[in-house]
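Residue numbers (full-length UniProt numbering): 1 to 263.
This is the structure:
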């Protein structure tokens, strides 16, 4: 895609999982990259790999996105470097697992900061420039969790419901501006996500054949380029997302609780 050679994509959570797969896709299409994650060592290794392979510019920004100041610091650093962001991929996010009453409050507050507040803040900061230029793309990674309540992961499910609703709303507001917004809603995915949430033994993922991060990123990337508002990878996940609309909410909640419990 020669026309995209000078465009820049900013990807949060770029050091592994779905984020790393997005890095590969944008790099091979000739985008310059801004990679954001906590581990500067991982980011530098990835930057060297893709700069050498594709001859692109890669800027590394090591930030803890659970810190409220992080979005403004990222934006300011790029402004000072005269780097304009053409594509924003809000991929960073994590989950907690267990009874809401028993989970550490600080962990839940950090989840909300990363999954909701940081995503919203970065979108607000970079969207203004996109609208002014009349072009740009934003991809927000939500989840099939966005379509129903999630006992044992109550705050995580609620955070992804926010991401989906927020993305759909601003996609509507931005019609005719040249800027598109896409919400990617994957189901369980092979990545470090389950390990960090300590939910490897839940029936939702244990012993199940789940989609690879590479496949999820490829489907999301295509949807982004096609300006789709909502992308749900996989027929099973699409059916799940649609079926909950016709099922009593109380029953849906009970079924999700059953899936979330350990075997």
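Glycine residues also receive a C-beta, built at the ideal position from the N, C-alpha and C atoms.
Three-pair Cβ contact test at 8 Å for the segment 50-59 versus the segment 67-74: no
Residue 42 in three-state terms, based on DSSP: helix
Spatial neighbours of residue 197 within its chain, please: C-beta separation below 8 Å, excluding the five flanking residues on both sides. Note that residue 197 scores a pLDDT of 47, beneath 50, so its modelled location is shaky and nothing firm can be said.
Apply the 10 Å Cβ neighbour rule to residue 188 and answer buried if 16 or more other Cβ atoms are within range, or exposed otherwise. buried
On the criterion of 16 or more Cβ atoms from any shown chain inside 10 Å, does residue 272 qualify as buried, or is it exposed? This structure cannot speak to residue 272, because the chain is shown only from 1 to 263.
Applying the criterion that 16 or more other CB atoms from any shown protein chain within 10 Å of the CB defines a buried residue, is residue 28 buried or exposed? exposed
Buried/exposed call for residue 235, threshold 16 Cβ in 10 Å: exposed
Would you decide whether residue 246 is buried or exposed? Buried here means 16 or more other CB atoms lie within 10 Å of its CB. exposed
Where are the beta strand (DSSP E) runs, 3 residues long or more, that stay fully inside the segment 51-133, in chain order? 58-62, 87-90
Taking only the alpha-carbon atoms, compute the straight-line gap between residue 143 and residue 218 and give it to the nearest angstrom. 15 Å
Buried versus exposed, by CB contacts within 10 Å (16 or more), residue 258: exposed
Grab the span of the beta strand (DSSP E) containing residue 37 for me, first residue to last. Residues 32-37.
What are the residues that DSSP puts in a beta bridge with residue 230? Paired residue(s): 183.
DSSP three-state label for residue 14, please. coil
Work out the CA separation of residue 173 and residue 39 for me, nearest whole Å. 35 Å
Sort 84, 89, 146 by Cα distance to residue 129 and report the nearest one. 84
Which residues in the same chain have their Cβ closer than 7 Å to the Cβ of residue 47, if we skip the five residues on either side of it in sequence? Excluding sequence neighbours, residue 47 sits near 35, 58, 60.
Using DSSP bridges, identify the partner residues of residue 47. DSSP, once it has assigned bridges, lists no residue as partnering residue 47.
Residue 139: first and last residue of the uninterrupted beta strand (DSSP E) it sits in: 136-141
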